[in-house]
Amino acid sequence: MPTLGKLFPFVKPYLSRMVAAGLLVMIVAAINLALLRLAGTLWDVITVSHDAARMTQLIGAFLGLVLVQGLCSMGHSYLTAWVSQRIVADFRIHVFAHLQTLSVSFFARRRTGELLSRLMNDVTLMQSIATETPIDTAKQLVTFVGGIVFLLVMNWRLCLLILILLPLLVLVARFFGRKLKSLSTSIQDQTAALSTLTEEVISGIRIVKSFVQTDRETGRFSDQIERNLSLGMRRAGIMAVFIPVISLLTFSAAAAVLWYGGRQVIEGSVSPGDLFAFVLFAGILIGPFSSAARVFGQIREAQGATQRVFEILEARPDIHDTVTAYPIDRITGHLRMEQVGFAYDVRQPVLTECSFEAQPGQLIAIVGPTGAGKTTLINLIHRFYDPTEGRIMVDGIELRNITLNSWYRQVSLVPQETILFGGTILDNIRYGNPQADDESVHAASRAAHAHDFIVGLPDSYQTVVGEKGVNLSGGQRQRIAIARAILKNPRILLLDEATSSLDSESERLVQEALERLMTGRTTFVVAHRLTTIQRADRILVLNKGVLVETGTHHELMDRKGLYQYLYSLRLSELPL
Numbered sequence: 001m002p003t004l005g006k007l008f009p010f011v012k013p014y015l016s017r018m019v020a021a022g023l024l025v026m027i028v029a030a031i032n033l034a035l036l037r038l039a040g041t042l043w044d045v046i047t048v049s050h051d052a053a054r055m056t057q058l059i060g061a062f063l064g065l066v067l068v069q070g071l072c073s074m075g076h077s078y079l080t081a082w083v084s085q086r087i088v089a090d091f092r093i094h095v096f097a098h099l100q101t102l103s104v105s106f107f108a109r110r111r112t113g114e115l116l117s118r119l120m121n122d123v124t125l126m127q128s129i130a131t132e133t134p135i136d137t138a139k140q141l142v143t144f145v146g147g148i149v150f151l152l153v154m155n156w157r158l159c160l161l162i163l164i165l166l167p168l169l170v171l172v173a174r175f176f177g178r179k180l181k182s183l184s185t186s187i188q189d190q191t192a193a194l195s196t197l198t199e200e201v202i203s204g205i206r207i208v209k210s211f212v213q214t215d216r217e218t219g220r221f222s223d224q225i226e227r228n229l230s231l232g233m234r235r236a237g238i239m240a241v242f243i244p245v246i247s248l249l250t251f252s253a254a255a256a257v258l259w260y261g262g263r264q265v266i267e268g269s270v271s272p273g274d275l276f277a278f279v280l281f282a283g284i285l286i287g288p289f290s291s292a293a294r295v296f297g298q299i300r301e302a303q304g305a306t307q308r309v310f311e312i313l314e315a316r317p318d319i320h321d322t323v324t325a326y327p328i329d330r331i332t333g334h335l336r337m338e339q340v341g342f343a344y345d346v347r348q349p350v351l352t353e354c355s356f357e358a359q360p361g362q363l364i365a366i367v368g369p370t371g372a373g374k375t376t377l378i379n380l381i382h383r384f385y386d387p388t389e390g391r392i393m394v395d396g397i398e399l400r401n402i403t404l405n406s407w408y409r410q411v412s413l414v415p416q417e418t419i420l421f422g423g424t425i426l427d428n429i430r431y432g433n434p435q436a437d438d439e440s441v442h443a444a445s446r447a448a449h450a451h452d453f454i455v456g457l458p459d460s461y462q463t464v465v466g467e468k469g470v471n472l473s474g475g476q477r478q479r480i481a482i483a484r485a486i487l488k489n490p491r492i493l494l495l496d497e498a499t500s501s502l503d504s505e506s507e508r509l510v511q512e513a514l515e516r517l518m519t520g521r522t523t524f525v526v527a528h529r530l531t532t533i534q535r536a537d538r539i540l541v542l543n544k545g546v547l548v549e550t551g552t553h554h555e556l557m558d559r560k561g562l563y564q565y566l567y568s569l570r571l572s573e574l575p576l
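With this note's numbering applied, the sequence shown corresponds to residues 1 to 576, in that order.
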């Protein structure tokens with residue numbers, strides 16, 4: 001089971017506690033065996049020798065063993081639960097932390113619901129197999145070995161009747177186990193698909209309602225539920241046959257013991273107490289057999305879940321620090337692209353031989369038709385992706401030679417779709433600089449024209465913004481995002497100037513806040529407003545991934561090329 005072996009590094013820190021829990025549960029199993037043997041002896045004392053004093057002693061010993069067994073059982077139950085929960089918590093944190101190291105391209109290829117399913121549902125499936133199963137296996141091992149030893153000592157012929165069915169049990173378990181593993185993987189895949197569908201509908205509920213598609217989405221959800229149900233029933237059908245077959249085989253052995261042992265009691269070669277104890281031992285051996293079958297099924301299920309989770313853990317970021325990368329301090333903001341090309345798919349280039357230079361403090365406007373490569377250019381500057389050709393230079397240093405974290409501290413992104421996190425307004429603004437004091441937060445808010453509306457809210461800066469800022473207007477969300485960027489104080493600013501959907505007053509306030517944010521910084525703007533384009537120090541005109549024109553507004557208008565054509569179409573009202 002190489003897949004499950006990958007869990008060992010997460011189990012190792014708690015191995016001593018697991019061993020302690022295992023020892024306690026083995027003591028419980030050993031006491032169980034001793035109690036069964038004691039019950040046989042007690043039966044003979046009551047029914048054959050009629051020794052009241054001896055009976056009292058045996059009952060006292062019986063109660064003493066039960067007390068010790070109870071204490072050990074409490075200890076192993078608590079330890080097992082503690083270790084199990086701790087390992088799963090550590091593992092989830094590890095997976096979540098690893099997810100955040102992966103590149104943007106990883107998340108572009110996967111759906112949110114699928115990743116959530118792997119982080120939550122699949123890890124939960126792995127929980128028992130990592131801790132509870134090994135400890136339970138230790139208990140069943142002691143029960144099985146100890147029981148067999150007792151049975152062999154008491155009557156080896158009767159013992160053989162039980163052991164003869166063991167190979168058949170193994171074959172049955174392997175047969176059903178293969179089916180369960182395949183089915184479990186399918187169930188987890190369908191569960192991930194269901195989570196994805198649910199997440200999409202809930203996050204897009206406004207569109208669903210607006211387009212009157214609630215019935216359609218309910219139908220999609222119902223179809224997915226039916227697929228899950230079908231797989232679940234197939235699994236239930238297999239388990240409905242699996243466990244009874246194992247139980248039938250084990251009870252058949254017990255019936256054979258009763259038949260053969262009963263004849264020996266009648267003949268006088270075995271005492272009633274010994275047969276009573278033997279039957280109890282034979283009965284308790286059903287536990288390890290049934291447990292082995294159940295554990296085998298759990299292992300098969302957990303293998304599928306483990307494989308899905310480790311697909312994430314084994315993924316490596318496309319964008320990472322090179323061996324020659326080093327951290328940088330404050331930069332001037334001088335950026336140069338040299339013959340940069342990029343493609344998400346090698347068969348379809350998105351940018352080709354793009355070259356330009358931005359001096360510190362300049363405003364660079366990026367314009368072009370839809371699909372021209374504007375957002376891709378911003379992503380390359382931020383280093384969410386690396387160029388497939390050419391290079392990007394910052395203050396004379398190739399961007400690949402700068403460590404990611406130190407570069408990201410120099411850059412701030414204000415995207416077209418404002419992203420706010422669950423929590424308060426204060427939390428969201430301070431996201432730009434977690435160490436900032438309240439005075440700095442308030443100063444950033446004033447610069448972003450956000451302070452006045454914030455203090456006017458019932459809870460001021462402690463107002464909860466709701467999921468993705470749903471409790472705030474579009475203009476308010478944008479001004480909070482701008483305040484966050486101001487607090488970060490970056491040298492390079494990346495803007496998708498989305499003000500077209502705002503009312504006139506909100507647009508004015510947001511634009512003034514953007515003007516303050518851009519002051520003294522090298523700024524790249526995917527421009528939507530003619531006023532921003534006209535005053536840009538340089539305009540980059542993209543068309544089908546090619547930088548076809550570059551210059552100031554007046555220079556480009558004089559050339560009467562693509563820029564002049566786009567300008568003539570009144571693109572102040574349309575995305576460029």
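We put the beta carbon where it would ideally sit given N, CA and C, even for glycine. Computed from a predicted model, the values in this text were never measured in an experiment.
Cβ-Cβ distance between residue i and residue j below 8 Å
| i | j | result |
| --- | --- | --- |
| R92 | T196 | no |
| G341 | E389 | yes |
| R538 | A358 | yes |
| A21 | V83 | yes |
| L351 | H382 | no |
| A577 | I402 | Past the edges of the chain, shown from 1 to 576, lies residue 577, and the structure says nothing about it. |
| I392 | M337 | yes |
| I187 | L229 | no |
| R479 | A444 | no |
| A365 | I533 | yes |
Opening and closing residue of the alpha helix (DSSP H) in which residue i lies
| i | result |
| --- | --- |
| R584 | Examination of residue 584 is not possible in this model, given that the chain is present from 1 through 576 alone. |
| V104 | 104-108 |
| D438 | 438-447 |
| M337 | It is not in any alpha helix (DSSP H) - M337 instead sits in the beta strand (DSSP E) that spans 335-342. |
| T580 | A query on residue 580 cannot be resolved here, the shown segment of the chain reaching from 1 to 576 and no further. |
| M55 | 52-101 |
| A481 | 474-488 |
| I429 | 425-430 |
| D452 | 451-455 |
Exposure label - residue i; buried when at least 16 CB within 10 Å
| i | result |
| --- | --- |
| E549 | buried |
| D136 | buried |
| F8 | exposed |
| G64 | exposed |
| S500 | For S500, the pLDDT reaches just 48, beneath the cut-off of 50, and the residue's location in the model is therefore unreliable, leaving the point undetermined. |
| N405 | exposed |
| T370 | exposed |
| W43 | buried |
| Q57 | exposed |
| A305 | buried |
| F150 | buried |
| D329 | exposed |
| W259 | exposed |
| M120 | exposed |
Span of the beta strand (DSSP E) around residue i
| i | result |
| --- | --- |
| Q416 | Premise fails: Q416 is in no beta strand (DSSP E) and is neither H nor E. |
| N543 | 538-543 |
| V525 | 522-526 |
Residue i to residue j span [Cα, whole Å]
| i | j | result |
| --- | --- | --- |
| Q362 | S105 | 29 Å |
| V309 | Y344 | 25 Å |
| A52 | A256 | 34 Å |
| N156 | I27 | According to the sequence displayed, residue 156 carries Trp and not Asn. Answer to the nearest angstrom: the Cα atoms are 25 Å apart. |
| V88 | V123 | 7 Å |
| R400 | S355 | 17 Å |
| R54 | V45 | 7 Å |
| D452 | I429 | 15 Å |
| W407 | I492 | 10 Å |
Selection from the options that minimises the alpha carbon distance to residue i
| i | options | result |
| --- | --- | --- |
| R508 | L493, L495, T531, G219 | T531 |
| A447 | N401, L517, P317, G474 | L517 |
| E114 | V455, G466, I312 | I312 |
| V510 | L493, P490, A89, Q476 | Q476 |
| E555 | L540, T306, R37 | L540 |
| L183 | I238, V145, L163 | I238 |
| L566 | A372, K488, F384, Y461 | A372 |
| T214 | N428, L229, T198, R227 | T198 |
| D438 | L420, G423, Y461, A450 | Y461 |
| I486 | H449, P327, H94 | H449 |
| S103 | R330, M120, V145, P317 | P317 |
| D189 | L35, R216, G70, I225 | I225 |
CB contact below 8 Å: residue i versus chain D
| i | result |
| --- | --- |
| K544 | Among the protein chains of the structure shown there is no chain D, as only one such chain exists. |
Residue i Cβ short of 7 Å to the ligand HEM heavy atom set
| i | result |
| --- | --- |
| P134 | Ligands are entirely absent from the displayed structure, and the ligand HEM is therefore not among its contents. |
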